[in-house]
Structures are given as structure tokens and as C-alpha cells.
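All residue numbers for the sequence shown refer to UniProt numbering, where the first residue is 1 and numbers rise by one.
Positions of the beta carbon are idealized from the N, C-alpha and C atoms, including for glycine.
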Amino acid sequence: MEWILNRGPTTTGGTGPFSDHTNPGKAGKYIYIESSGKKLGDYARLISETFHNQANRCLTFWYHMYGKPGSLLVGVTINQSQPVTLLNITGDHGNNWIEGSVYIPDRFKDFQIVFDGIRGSSYLGDIALDDISFTGICNVNRLITTFELIQCDVSFQNRRFQLYVIYRPPPSKTNNIKTSNFFAEWSEFLDQIIVSNDDIVITGDLNFHLDNPSNSEARTFLETLIEHELVQHVRCATHICGHILDVVITREDSPILLETPLVQNPNLCG
Numbered sequence: 001m002e003w004i005l006n007r008g009p010t011t012t013g014g015t016g017p018f019s020d021h022t023n024p025g026k027a028g029k030y031i032y033i034e035s036s037g038k039k040l041g042d043y044a045r046l047i048s049e050t051f052h053n054q055a056n057r058c059l060t061f062w063y064h065m066y067g068k069p070g071s072l073l074v075g076v077t078i079n080q081s082q083p084v085t086l087l088n089i090t091g092d093h094g095n096n097w098i099e100g101s102v103y104i105p106d107r108f109k110d111f112q113i114v115f116d117g118i119r120g121s122s123y124l125g126d127i128a129l130d131d132i133s134f135t136g137i138c139n140v141n142r143l144i145t146t147f148e149l150i151q152c153d154v155s156f157q158n159r160r161f162q163l164y165v166i167y168r169p170p171p172s173k174t175n176n177i178k179t180s181n182f183f184a185e186w187s188e189f190l191d192q193i194i195v196s197n198d199d200i201v202i203t204g205d206l207n208f209h210l211d212n213p214s215n216s217e218a219r220t221f222l223e224t225l226i227e228h229e230l231v232q233h234v235r236c237a238t239h240i241c242g243h244i245l246d247v248v249i250t251r252e253d254s255p256i257l258l259e260t261p262l263v264q265n266p267n268l269c270g
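This is the structure:
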């Protein structure tokens, strides 16, 4: 399977773009994977030249996933190692071009960009890419689709910190939020905010049972904090059923919290 340079519609109706993103209806070109004649799990890999990440940069691109596509994985590789996935886009996103963004953090120095287009369960699964470029610093809010975010710059008694208030709706068929996509966006969000010299406070309701050590999603969430040298301070129940759903997160060495946050009445969070 390979990425194909194309002009105009793809060869299969009911999937793929009609034209490229830059010049709709004209003679522009884009690349895509053709799902017809392929089987579930087949993939095509596009690898860039090597870049040196001198500053935090935002990779932007336009993608088209219409019909019954599989997945588009966007990541980086260093010295031809196994790619690190930074963004996982799955399923039908309508018959239109959509802008995507991936933040490339400082820890990746000499790296290559990797796009994997993975065939889904149907021949109606063409995936297309166009207008790939670096554009500087990503807009955090523009990257987020799986949780809500309010960001504030707070100054108090000669101390300054960035406050992020977050709410993650529980995944459902109605909101079409996938936990795997949340973790991809969450890690990317943390990658970007930790490079700031300001102190950080993240608070809100993320709807993970952080009190349950056997819960795989809760463990994965806490692992993302460890990877970014962050710590979650709430240790008591914040929900009427006895679960810890709400968080207060800071850097591991932050002096901003003098004591562990307490919840006097968890029924207020029921």
C-alpha cells in the first residue's frame, strides 16, 4: 500500500475528496491511500526528510476522511526508530477537508514526520492529505476536540501562574468522543504547556476514577502526568459515589499549593 499523488476525485465513489484543498474544483494535487483491493489493517507510510527542532513548532496539514476510513496516525521517528504517535484520527469526518495540527515538543531534536494511513473495514476508506507545513507555535484550543478548556493568566501577591480549567465529557455514542483520541490530545496539550516558564495549575473534572488503581484509563492518565513531571493532588472523594473525578494538577516541584486540597461536601459534585 502506498500514498498516491492524485488530481481530481479518487477512483472509488462514496469516499475520497473531489479535488485538492488549495484549489477546489481546479487542477491542484494531493496524496491519498486507495482502499479498494486492500485488506483491513494494510497501511501506507509517508516519512519526511529530517528536521532539527530548534524551537517548538506546530505541524499543520489538511486531511480528508469520508466514507468508512480506518485511521490516520501522525507522529515522529528518530534515527528510523519505531514512530511515536502524536495524533490518532479515526472514522468518518464528512466529505470535506479538515485542518489538523500536531505540536512537536522540544524533546524531539533531529526527527522525521510520519503519516500512516491505515485501511479500515471497507473499500470506502480512502484517506487524503494536502498542504503539509510547519507554522510555529500551535494554538492550544484549536487542537482540542475531546475536552473543554478555559485558560487564564493569573497574577496574585507577586506570583504568576497559568490556570487551565478542564472538563472531559464521558465518551458516548452521542458525542463520538473516543478515549484514545482524548489521550492523544491530552498528551499534546501537556507537551505544549510545560515548556512555559510560568507555574501551572490544571483543575477540573476529567471523569476518570482516579481512586481505582485497577482502572486502566485512570492508570494511563496518571502515567501521562508522570511523563510530564506533573502531580495530581486530590486524594479524597469528589463524587457522591465515592470516586475521585476532579483534579488539581501542578508541576512536581511547584510551591503554589501549601497543602492537599480537601472536599468538604462531595454531594455538591454528585
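Open item on the list: Just verifying my parser: in three-state terms, what is the DSSP assignment at A128?
Closed with: Shown here, A128 sits in a strand according to DSSP, grouped into three states.
Task: Complete beta strand (DSSP E) runs within the UniProt domain "MAM" (1 to 140) (minimum length 3 residues, chain order) - done: Qualifying beta strand (DSSP E) stretches, in chain order: 4 to 7, 29 to 33, 43 to 52, 57 to 65, 71 to 77, 84 to 90, 98 to 104, 110 to 118, 127 to 134.
TODO: Use the C-beta contact count for D246: other C-beta atoms within 10 angstroms, 16 or more gives buried, fewer gives exposed.
DONE: A residue is called buried once 16 or more other Cβ atoms fall within 10 Å of its Cβ, and D246 is buried on that count.
Task: CA-to-CA distance, N158 to C152, given in whole angstroms - done: One alpha carbon belongs to C152, the other to N158, and they sit about 16 angstroms apart.
Task: Supposed close pair T15, G125 - CB separation, criterion 8 angstroms - done: Between G125 and T15 the Cβ distance is about 6 angstroms, and since that is below 8 angstroms, they are a contact.
Open item on the list: For the stretch 56 to 69 against the stretch 113 to 131, do three or more pairs of beta-carbon atoms, one drawn from each stretch, fall closer than 8 angstroms, so that the two count as touching?
Closed with: Counting C-beta pairs closer than 8 angstroms gives three or more between the stretch 56 to 69 and the stretch 113 to 131, which meets the contact rule.
Open item on the list: Strictly by DSSP, which residues pair up with E148?
Closed with: Looking at the DSSP output, E148 shares a beta bridge with Y167.
Task: Per DSSP, the bridge partner or partners of D153 - done: Paired residue(s): Q162.
Task: For I193, three-class secondary structure by DSSP - done: In the three-state scheme derived from DSSP, where H, G and I count as helix and E and B as strand, I193 is classed as helix.
- [ ] Using 7 angstroms as the cut-off, classify the Cβ of N212 as near or not near the heavy atoms of the ligand NAP, replying yes or no.
- [x] Within the structure as shown, the ligand NAP is missing, as the structure has no ligands at all.
Task: From F111, C58, H52, P9, residue whose alpha carbon lies closest to that of N95 - done: Looking from the CA of N95, the closest CA among F111, C58, H52, P9 belongs to P9.
TODO: Rank L149, W62, F183 by C-alpha distance to the C-alpha of K29 and give the top, closest one.
DONE: The shortest C-alpha to C-alpha distance from K29 to any of L149, W62, F183 is the one to W62.
Open item on the list: Tell me which residue opens and which closes the beta strand (DSSP E) that I202 is part of.
Closed with: First-last of the beta strand (DSSP E) with I202: 199 to 205.
TODO: Closer than 6 angstroms by C-beta to T90: which residues in its own chain qualify, once you throw out the five before and the five after it? Chain order, please.
DONE: Same-chain partners within the cutoff: S71.
Task: V248 to V154 span [Cα, whole Å] - done: If you take the alpha carbons of V248 and V154, they lie about 16 angstroms apart.
TODO: If I'm right that I118 touches Y43 with Cβ under 8 angstroms, what's the distance once you round it to whole angstroms?
DONE: Rounded, the Cβ-Cβ distance is 4 angstroms, consistent with contact.
- [ ] Confirm, please, whether the CB-CB distance from T224 to F183 is below 8 angstroms.
- [x] Using a Cβ distance threshold of 8 angstroms, F183 and T224 count as a contacting pair.
TODO: Pull up the CB-CB distance for K233 and T250, whole angstroms please, since I reckon it's below 8 angstroms.
DONE: In the sequence as displayed, the identity of residue 233 is His instead of Lys. Between the beta-carbon of H233 and that of T250 there is about 7 angstroms, and that keeps the pair under the 8 angstroms contact cut.
Open item on the list: The alpha helix (DSSP H) that contains T224, what's its start and end?
Closed with: 216 to 227 is the extent of the alpha helix (DSSP H) around T224.
Open item on the list: Considering only their Cβ atoms, is the gap separating R45 from I104 smaller than 8 angstroms?
Closed with: No.
Task: Backbone secondary structure at T250 - three-state DSSP - done: Looking at T250 - three-state DSSP - the assignment turns out to be strand.
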